[in-house]
Structures are given as structure tokens and as C-alpha cells.
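One structure below.
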Amino acid sequence: MIEAVGLTKRYGDKTAVYNLSFQVRPGAVTGFLGPNGSGKSTTMRMILGLDNPTSGQVTIGGYPYRKLPNAARQVGALLDAKAVHGGRTARNHLLSLAQLSGIPARRVDEVLGVVGLQDVASRRSNGFSLGMGQRLGIAAALLGDPQVLLFDEPVNGLDPEGILWVRNLMKMLAAEGRTVFVSSHLMSEMALTADHLIVIGRGQLLSDMSVRDFIAANSAGFARVRTPDTEPQQREKLSSALTEAGGHVLPEQDGALRVTGLPMPRISDIAHETDVRLWELSPHQASLEEAYMRMTQGAVDYRSTDDQKAGLMQPLPPGAQPPVPVPGQGQPGWYAPPPPQEGGQAFAMPDPYGGRQAPNPYMAPGAPGATPPNPYAQPAPAAPQPPAQPPQQAPQAASEAPAAPGTPPAAADPTKPEDVR
Amino acid sequence: MSTPQHPTPPSAAPQWQAGSGPSYPGYTSPIPVVRTHLGHAIASEWTKIRSVRSTIWTLGVFVVLVVGIGLAVAGLVSGSATEVDYGQESPLSFGFFGVLLGMMCVVTLGVLTTASEYGTGMIRTTTTACPSRGRVLAAKSIVFFAVAFTVTFVSVTLVGLMDVAMLDGARQPTGQEWLKATLGVSLYVALLGLLSLLVGSIIRHSAGAITLMIALVLAPLVIALFMVAQALEWLRSGLFSYSIPSQIGVFYSTSLGDSGPSGWDPLWIAVGVTAVAFAGAVALLHRRDV
């Protein structure tokens, strides 16, 4: 059981972690997520007593780490796989750690076997590959057979077999009743491994809930409905009927409808009542990755931008059209729109840019939806539009990339009509 | 050094698990949990120091320098000197030159013992395994001091015996001279290495700490060499006689000038400086982030 209360760490005038409070419980794998530089490693280092918090405290089983009796027998940690002296053999490295904690020397060979390094045990660790180094770090964490385990990016550099092994190892350790705290930025990995998620951004807690709740709260589950392509009028009929019934209908580019706010049996009933045939009615759940990206959009410190090469471009010959950017690709805010009502707002970060201003003025022109409708960005084969719902024309292009950069997803967006949200 | 502050001294693990919250399922390791102490840390540091190549290299070079130069000088002297040339000089004093050069190896090993842990990141693993940082530093100091003292003592004793045997024209050294040229020199060199170890822990950077230590050893002597102004004479003689080569010379009765330390004084100076450095290193260890 790890318990942090008001944990804060400042380095000079940079606040790495601010007022972080959370609990990590035994018997489950708890994922610790956040963008690069969000304070994950700093938090882990404070848990392990390597860094002293500026304020607040973190305890393991009720004790601050540095007051734990025989800490290595209570807590095992993989912080940094390269935190070994490369000139020492794997066995001697582990032996020195075992002796430090009064662990019998035969345990060294046991953990070497567990991580699969027994054949290279007498090789110097500076000849190890990234994956082997990672395994040595995991061996050191398991050495004391501890009750609490911390892993910082454990699957870095591992091959697929190793990733599967780590995944099962985490689950097995948690099933034995241990506390397992794993930081990662691999969402797909966490979706498969973790039971519980703690998400931080810019050093502050964004979310602390189970994986299932996290996805439900942060992603839009929707139903995709497809009517026969050959009969567009059926599609219009169905979408107006669904809207009447209280659903939200969003046309997709390939002609399907994205329906939220109605359970699937109800959609099927409405289709039956309005006498519309369906080619597809499928449930869709946003992935953990999507949910995570939406949540942390506002909290990313290091974001890549498109390589514009603006200063190197030749001036366009008169009359030539500028190249049309690929809609959404690589731009912030190109993940699926937030769920209809409050979803995505619950954890929205305080927006330093006042919600309107794009953080980087040079990014704005490339982002579809941020500028007045660009005729070149419109999909050429536009589906026939019903006279009843003219506003859907504009957001159709924007539906895959709804918000301007820097705009919180759930904030009212003047470019987006209310009825598609 | 300092055992961890433990609210309920006996039977650490059960107490800890009892305090781990209301009703969460726990895990209890079948491996018995022992209370760790300085002895565990010393065993660990011994494994560490014997399992890296830099130990073998620096100590190997040290022995080669001390024994090789000691014997070479004795060979040169015995080939050319007559009984009159020795005067009152003890034959042990010819071991001085080897120790003077070999000292650099001990300084290097001392710095590497601590600073290499920071360079490689090993310190984070060590500190996680044993959050009692003072204990780790104390264990390192004890292990390193023992190793450096033993190797130096064996080397200089060997050189002393060979010198006395080869220079049969010289007088026999007294018991006190023997003691100073073996035990005294070994303690002094090991203390100098220990000081380097502590400087390595304070600076946390191998190259920086080695440079600083070599400057500490050589700079006073070099600066004093060029102090020709009469008004600085007091400073010049002070720098000469308190420079580390001169202090080692005291153990061989070959120091520069008579005003400086004599007898066993250099050892007490080294003990004092090292104790201050140790206190500073421990204070910094506890305050700084790893």
C-alpha cells in the first residue's frame, strides 16, 4: 500500500509535481500514466526516498521509505535499467544487493532464472542489450521478494516475448496480493495489464480510477449505423428519426452514421419502425489510448509539430494552389470527439491559453476546422445534404478533427453546431 | 553507520505488515526477513570493490610503482654509494619515491569507489536497496580503507625489507623508523585514499574529483616552487612543509624544511581532515537528492 498526501516537488522554480495525493492498493496492478515530463519518474523517486519532497509526504505501509526497516525486503523497484555498474557481472551485481539486505545468496540464482539471464550471469552488464538490462533491473526488483513493487517503464526495449512475460509477471505478482505500481506511456500495454489507473499531467493528478471507469468516463462509446449506400433517402429518414428519439447523429465520411445517446436495441427498433434496412449496426468503444490522449491533450509539455519547412520552401508560382494538409494527422485534437455531455470535461486541465487562443500560431493554418472552411479540404464526393439539417455540412469535414488546437474538447466551439455534439 | 530509525524495534516485518492498513490482502515472503546492519553493507561493498576491474588495475599499478621504484632506487644507490655517502640516512627512506607516485593510484581508486556509482547510476539502486545512506558510506569507507591499508602495508614492508637487505652498507633502522615507514605510511596513504573517496561522494563526478585530489596533492608544492618574493617566505615554507609529498616524507625523515609537521603529526592532520570530510559527506548525502 503506497499512500501519497499532497506530494509536491520543486526544482528551482520548476514545479515537477504539485499536490499529488493518491493510494496504490495491494492485489492489483496500478498503472501510472502521464506524458513525458509529467512527473512520473519524480514521483517514483520520491516514493523510494531518493528525492526529498518539497512538501507533502509519501508512505509505504505507513512508513516513509527511508524509515522502513530493511526496505529492500518490503519494496522492490526498477527505476532505470541502466542503474548498474557496467563493469560488474550480473551475478555480482545482484549478489552485492542481496548481501546489502541480508538475502541468502542462492536467491540471486533464483531471480536470474526467473528473468532468464542465468546463461549470461557471469558476463559484465555493459555488454547487455537494452532488453537484457531491463531483465537485470527486474531481477533486482524481485530479489527481496517484496510486498510492494515499482516498475518505471518495464517493457522498454523488450522483445514481444519479453513484453508478454512482463505483462504476466505483473498480473501474477498482483494476484499474490502484492502492490504493483507500473509507470508507462504505452497505453495499449496498460489496457492489457493494469486494473487501476493513476494519470498525471504537468505534475498534477488528472484521474485515479479503474481502467473500465477511465475509458467510460473519457471516451465516447457510439454505435455505427450503416444504411444501404444505394438509397440515401433511407439514411436521412433514419437520422431524423433517431434525432427525434433523443439520439445524436453524426454522419461519417463514408456514409455511415455515428450515433450516441441511444442504446443499440433502441436504434434497431427505430430502424424497424421507420422501415429502414440496416447494413451495419455495431458497438464501438474508444480505446484506452484514445481516452488517455484526450485527457492529457492539455497537459502535454513536449509535443511534436508538423515539420513545415516553411523557411526553405520555394515561393509558389502564381496561380498554383498550396498543398492541402492531411486533415488532422499529427495535429492536437484529432482524436474522436468527446462524449455528448460532460465527458472529457471532468478532468480537463486548466487551460493556460484561455480556451481560445491556439498555443502556436503557426500550427493554426494546418489544422482543419480552425480556419473558415477551406474549399480544398472538403471531401470531393459530398453526400447529398438534407434541407432539414444544413449545419451538418460544415462540421462534416471537421468531425474527425473537431477542435482547434488548444481548445478544450468539451468547451463550446463556435465552429461546431450544437446538434452534432 | 546509523541503523534506520525504527518505531518498534523487534520483529520488523510482522509489525510492518500489521500496520499496513485495515484489511487489504498482503503478501508474506517465505524468505526470512533479517534486520540489516553495517555488517551487511560491508559484505556488499566488499563484493562491489572486488568485482570491478578498476580495483585490480589501480592497485596493480600501485604495487608495481611502489615496489618497482623502491627496488630500482635501492639498486641504483647500492651500485654507486659507499658507506660514507649514507651518513645518518636510514635505508628505508629510499622507499619514498615509489609511494609518492603510487599514491595517485590509491587516490584514483578512492574517488572511483564512490563517484563511479553516481556516474553509472548504480547509486540509485544502492540507495533504494539501503535507504540508510550513512551506513552505505561508512561501509564503503571501511572496506576501502582496509583494502588500501593492506595493499600499501604489504608493499612498503616488502620494499623496506629489500632496501635494508640490499643496502648493507647503511646503518640498521631503529624500531621507531620501521614503524613509521611501514605502519605510518600505510595509514597515511589509506587515509588519503579515504579522503578521495569522500571527495568523490561530495563531488559525485569521477574526473572532477580525481582532478581536485591531484591538485590538492601537487598544487601547494608547485605554487611554492615559484614563490621567489622574500615577503612570501613564510607562505612558501608553509606550503612546502605542509604539502602532501612533504608530509609523506616526514615518515621517511626526508621532509622539506624543519618547520613543518614532524613525528606522527601528518597522520593526525590527515585524520582530522578526513573526519571533517566524512561529516560533510554524510550531511550532504542526507540532504541531497540522489
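Chains Y and V, in that order, give the protein sequences.
Residue 606 is where the first sequence starts when you use this note's numbering, and the numbers rise one by one after that.
Residue 301 is where the second sequence starts when you use this note's numbering, and the numbers rise one by one after that.
We put the beta carbon where it would ideally sit given N, CA and C, even for glycine.
Practice problem: Write down the C-beta distance between GLY707 of chain Y and VAL334 of chain V rounded to the nearest angstrom, noting that I regard them as a contact closer than 8 Å. | Solution: 4 Å
Exercise. Rounded to whole angstroms, what's the CA-CA distance from SER501 of chain V to MET651 of chain Y? Just pull it up for me.
Key: 21 Å
Quiz item: Of all Cβ atoms in chain V, is any one closer than 7 Å to the Cβ of ALA876 of chain Y?
Solution: no
Quiz item: Of all the options Y:LEU843, Y:SER730, Y:GLY691, Y:ARG728, which has the alpha carbon lying nearest to the alpha carbon of GLU417 of chain V?
Solution: Y:GLY691
Exercise. Please report how far the alpha carbon of HIS505 of chain V lies from the alpha carbon of GLY617 of chain Y, in whole angstroms.
Key: 22 Å
Quiz item: Can a CB atom of chain Y be found closer than 7 Å to the CB of ARG471 of chain V?
Solution: no
Exercise. Have a look at LEU392 of chain V and SER380 of chain V and give me their C-alpha separation to the nearest angstrom.
Key: 17 Å
Self-check item: Neighbour list for HIS690 of chain Y in chain V, Cβ cutoff strictly below 8 Å
Solution: LYS348, VAL352, SER416, GLU417, THR420, MET422
Practice problem: Would you mind telling me which residues of chain V sit closer than 8 Å to TYR670 of chain Y, beta carbon to beta carbon, in chain order? | Solution: PRO431
Exercise. Determine, using beta carbons only, whether TYR488 of chain V comes closer than 7 Å to chain Y.
Key: no
Exercise. Could you tell me if PHE396 of chain V is buried or exposed, where buried requires 16 or more neighbouring beta carbons within 10 angstroms of its beta carbon?
Key: buried
Practice problem: Would you kindly work out how many angstroms separate the C-alpha atoms of ALA703 of chain Y and ALA515 of chain V, rounded to a whole number? | Solution: 38 Å
Self-check item: Cβ pair GLN913 of chain Y, GLY826 of chain Y closer than 7 Å
Solution: no
Exercise. Name the two residues that bound the continuous alpha helix (DSSP H) containing VAL771 of chain Y.
Key: 765-780
Self-check item: Sequence ranges, alpha helix (DSSP H) only - wholly within the stretch 411-436 of chain V, length at least 4
Solution: 422-429
Quiz item: Exposed or buried, which one is TYR907 of chain Y when buried takes at least 16 other CB atoms within 10 Å?
Solution: exposed
Quiz prompt | Residues from the stretch 697-711 of chain Y in contact with chain V, defined by Cβ distance under 9 Å | solution = ASN697, HIS698, LEU700, SER701, LEU702, ALA703, GLN704, LEU705, SER706, GLY707, ILE708, PRO709
Quiz item: Who are the Cβ neighbours of ALA448 of chain V in its own chain at under 6 Å, not counting the five residues just before and after it?
Solution: VAL406, ALA490, GLY493
Practice problem: Go ahead and pull the three-state DSSP assignment for ALA688 of chain Y. | Solution: coil
Quiz item: Under the rule that 16 or more other beta-carbon atoms within 10 Å means buried, what is GLU841 of chain Y, buried or exposed?
Solution: buried
Quiz item: Around the Cβ of GLU758 of chain Y, are there at least 16 other Cβ atoms within 10 angstroms (buried) or fewer (exposed)?
Solution: buried
Practice problem: Return the residue from the list V:MET403, V:SER354, V:ARG350 that minimises the CA-CA distance to ILE369 of chain V. | Solution: V:MET403
Quiz prompt | Residue-level contact to chain V via CB, GLY654 of chain Y, 7 Å cutoff | solution = yes
Quiz prompt | One or two residues paired with VAL830 of chain Y in a DSSP bridge | solution = Y:LEU862, Y:LEU886
Quiz item: Is the Cβ of SER329 of chain V closer than 7 Å to any Cβ of chain Y?
Solution: yes
Quiz item: Between PRO837 of chain Y and ARG882 of chain Y, is the Cβ-Cβ spacing less than 7 Å?
Solution: no
Practice problem: Just list the beta strand (DSSP E) runs in the stretch 666-731 of chain Y, keeping only unbroken ones of 3 residues or longer that don't cross its boundaries, in chain order. | Solution: 680-683
Practice problem: Measure from the C-beta of PRO322 of chain V to each C-beta in chain Y and report whether the shortest distance is under 7 Å. | Solution: For PRO322 of chain V, the pLDDT reaches just 40, beneath the cut-off of 50, and the residue's location in the model is therefore unreliable, although a value from the coordinates is still provided. No, because no Cβ of chain Y sits closer than 7 Å to the Cβ of PRO322 of chain V.
Exercise. Give the single residue among V:VAL363, V:PRO545, V:ALA581, V:THR474 whose Cα lies nearest to the Cα of PRO566 of chain V.
Key: V:PRO545
Practice problem: Please say whether GLY661 of chain Y and GLY611 of chain Y have beta carbons closer to each other than 7 Å? | Solution: yes
Exercise. Step through the CB atoms of chain Y and report whether any lies within less than 7 Å of the CB of ALA524 of chain V.
Key: no
Quiz item: Can GLY782 of chain Y and GLY326 of chain V be called in contact, C-beta distance under 7 Å?
Solution: yes
Quiz item: Does ASP813 of chain Y come within less than 7 Å of chain V when only Cβ atoms are used?
Solution: no
Quiz item: With distances taken between CB atoms, is the gap from THR901 of chain Y to PRO640 of chain Y smaller than 7 Å?
Solution: yes
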